[in-house]
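Chains as they are written, first to last, in my numbering: chain A, 1 to 132; chain B, 133 to 307. No residue lacks a Cβ here, since even glycine has one placed at the ideal position from N, Cα and C. Note that the structure is predicted; figures quoted are calculated from it, not measured. Note sheet for the following structure.
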């Protein structure tokens, strides 16, 4: 899976996620990538793109859960994303991670498994790429 | 129009095995990620939309064989590649998604075509491919999406299953 989230200079958010899946997956199997609210979501609070064990991301509505925690609990992007990846997905065999951004341009990149590839950039800062 | 812009990307999970992560592959992976960041941030820097930025960034990632989307997509157990993608615009909650189709060079553009050229959110299979064709998107043959690394991973996975084993390698557990 690959994905991107962005906050533009107007404070508008967007998310995009594309094609992944387990090697040797069953033909016709669809993971969380195209499921809005699971692997991909953008609203006026945050934008989220996930990568990982898709079935678990779907069952727990991972991306929507982050937005809901921010909207209703007032959590920061970091806190909400961290909670979902480490305390919702991980205990339920939901290995993987996500990238997320909020309307203030804050970025969160949590993951709970190896083999992760990340990059981020903010206006006025140098771009960062990383492999774990 | 003075707010901070931000862009974050991911190249998936487990698409490159640790044992195969040579300095050359590591350098190529960083370069691939940097190209995607540049594609998206160029748009944001000029005041463009987050929607255009994520589309451009994901296209760059899809074009990169090191990551398992589009070019280098994972194989199903039947030895075929199926593509999924979704895009969502937070300002108005427009969304487009495609699943279970094959052929568009950039599946994310097919998802965006569903969002912009249809009243629907998700389309699957041949109907999704038709919307992509009608939007004038380029399609590719199977050879374009083939990478030896993904094929080797499939053969290894099928061999493990035949022996009743599972792999702890993230590369064969999820994308």
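Check: Apart from the five residues on each side of it in sequence, which residues of its chain come closer than 7 Å, Cβ to Cβ, to residue 209(B)?
Finding: Closer than 7 Å at the Cβ level, and outside the excluded window around residue 209(B), lie 290.
Next item on the list: Would you be able to state if there are at least three C-beta pairs under 8 Å between the segment 217 to 225 of chain B and the segment 173 to 189 of chain B?
Entry: Short answer: they touch.
Next item on the list: Hey, could you find the ends of the beta strand (DSSP E) residue 120(A) is sitting in?
Entry: 116 to 122 is the span of the beta strand (DSSP E), which, as asked, contains residue 120(A).
Check: Under 8 Å between C-beta atoms, does residue 61(A) make it to chain B?
Finding: No - not a single Cβ of chain B is within 8 Å of the one on residue 61(A).
Notebook entry, point to check: So which residues of chain A does residue 214(B) contact, with C-beta pairs closer than 9 Å?
Noted result: Result: 19, 21, 25, 27, 28, 29 and 30.
Check: Counting only runs that start and end within the segment 156 to 197 of chain B, where is the alpha helix (DSSP H) found for 4 or more residues in a row?
Finding: Taken in chain order, the complete alpha helix (DSSP H) segments of 4 residues or longer contained in the segment 156 to 197 of chain B are 182 to 194.
Note to self: Once the 5 residues before and after residue 18(A) are set aside, which same chain residues still bring their CB inside 8 Å of it?
What the structure shows: Excluding residues within five positions, the ones whose Cβ falls inside 8 Å are 1, 2, 3 and 33.
Check: Which value, in whole angstroms, describes the spacing of the CA atoms of residue 264(B) and residue 105(A)?
Finding: It is roughly 32 Å from the alpha-carbon of residue 264(B) to the alpha-carbon of residue 105(A).
Next item on the list: Please go through the same chain and pick out, in chain order, the residues whose beta-carbon is closer than 7 Å to the beta-carbon of residue 125(A), but skip the five residues on each side of it.
Entry: Shown here for residue 125(A): not one same chain residue has a beta carbon closer than 7 Å to its own, the five before and five after excluded.
Check: Would a check of beta-carbon distances place residue 43(A) closer than 8 Å to chain D?
Finding: This model lacks chain D altogether; the protein chains it does include are A and B.
Margin query: Does residue 113(A) pass the burial test, meaning 16 or more other C-beta atoms within 10 Å, or should it be called exposed?
Written below: Taking all protein chains in view, the Cβ of residue 113(A) is crowded by 16 or more other Cβ atoms within 10 Å, so the residue is classified as buried.
Margin query: With a threshold of 8 Å, are at least 3 pairs of Cβ atoms found where one atom belongs to the segment 248 to 257 of chain B and the other to the segment 59 to 73 of chain A?
Written below: No, the segment 248 to 257 of chain B is not in contact with the segment 59 to 73 of chain A.
Notebook entry, point to check: Does the beta carbon of residue 154(B) sit closer than 8 Å to a beta carbon anywhere in chain A?
Noted result: Chain A, which has no Cβ nearer than 8 Å to the Cβ of residue 154(B), makes this no.
Check: Between 157(B), 170(B) and 159(B), which lies nearest to residue 123(A) when the distance is taken from Cα to Cα?
Finding: The residue with the shortest Cα to Cα distance from residue 123(A) is 170(B).
Next item on the list: Please say whether residue 99(A) and residue 157(B) have beta carbons closer to each other than 8 Å?
Entry: In this structure, residue 157(B) keeps its C-beta atom at 8 Å or more from the C-beta atom of residue 99(A).
Checklist line | As assigned by DSSP and simplified to three states, the class of residue 85(A) | finding: Three-state DSSP puts residue 85(A) in a helix.
Check: Can you find a CB in chain A that lies within less than 8 Å of the CB of residue 135(B)?
Finding: Answer yes: the Cβ-Cβ gap between residue 135(B) and chain A drops below 8 Å somewhere.
Check: Between which two residues does the beta strand (DSSP E) harbouring residue 51(A) extend?
Finding: In the DSSP annotation of this structure, the continuous segment of the beta strand (DSSP E) that includes residue 51(A) starts and ends at 46 to 52.
Check: For residue 226(B), which of 14(A), 10(A) and 9(A) has the nearest alpha-carbon?
Finding: The shortest C-alpha separation from residue 226(B) is found at 14(A).
Check: Counting Cβ pairs closer than 8 Å, one from the segment 199 to 206 of chain B and one from the segment 275 to 282 of chain B, do we hit at least three?
Finding: Yes, they touch.
Notebook entry, point to check: Which partner residues of residue 230(B) appear in the DSSP bridge assignment?
Noted result: 217(B) and 255(B).
Check: Can you find a C-beta in chain B that's less than 8 Å from the C-beta of residue 84(A)?
Finding: It does not; no Cβ of chain B falls within 8 Å.
Notebook entry, point to check: CA-CA distance, residue 49(A) and residue 295(B)?
Noted result: In a straight line, the C-alpha of residue 49(A) is about 35 Å away from that of residue 295(B).
Checklist line | Sequence-distant residues of its chain with Cβ nearer than 6 Å to residue 108(A) (five each side left out) | finding: Result list for residue 108(A): 77, 78, 81 and 100, in chain order.
Item checked: Cβ shell of residue 54(A) (< 6 Å), same chain only, five flanking positions each side left out -> If we look at residue 54(A) and ignore the five residues flanking it on each side, its Cβ neighbours are 31 and 32.
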